[in-house]
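Student: Sequential numbering from 7 applies to the sequence shown in this note's numbering.
Yeah, the Cβ is synthetic: ideal placement off N, Cα and C, and Gly gets one too.
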Amino acid sequence: MRFATQTTSEEYVARKLWRCATLNHCPWHPGGGCGFCRHGTYQRIKPSGTLIPRWYCPRIRRTVSALPDCLAAHYSGTLQALEALVRSVEQAPSLAAAAEHLRTDIELPGA
7 MRFATQTTSE EYVARKLWRC ATLNHCPWHP GGGCGFCRHG TYQRIKPSGT
57 LIPRWYCPRI RRTVSALPDC LAAHYSGTLQ ALEALVRSVE QAPSLAAAAE
107 HLRTDIELPG A
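#1: Which residues share a DSSP beta bridge with residue 48?
#2: Contact defined as beta carbons within less than 8 Å: I believe residue 62 pairs with residue 45. What is the distance between those atoms, to the nearest angstrom?
#3: Return the chain-ordered list of same chain residues with a C-beta closer than 7 Å to the C-beta of residue 24, the five sequence neighbours on each side being excluded.
#4: Closest to residue 21 by CA distance: which of 51, 93 and 74 is it?
#5: Residue 38 to residue 31, Cα distance in whole Å?
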């Protein structure tokens with residue numbers, strides 16, 4: 007679920023905005039009655055210190071998270087960093103050139 011914020015990832019962490027996130031109703035049972043409740047947080051690797059709030063629906067035994075606008079869904083890191091990566095690939099003359107420019111240099115042991 008979207009947690010609408012006008013902040014950067016740094017502000018989100020510094021102000022601990024996950025504490026302010028709310029979901030007014032269960033996404034599967036909008037009429038209520040299912041026991042939908044807060045279910046703690048999970049930590050993202052990047053940006054460091056980021057916690058994402060979760061809720062639980064006991065009727066269907068599923069959790070849902072509220073991801074702030076500044077973070078990318080299904081990817082580690084910020085939305086801004088992911089968008090910059092996509093722009094680099096789109097502007098490169100070829101996919102191979104983009105990969106050469108963007109990938110981390112890896113050196114094999116003993117090479």
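Tutor: On the basis of the supplied data:
#1: 58
#2: 4 Å
#3: 47, 57, 58 and 59
#4: Minimum Cα distance to residue 21 is reached at 74.
#5: 7 Å
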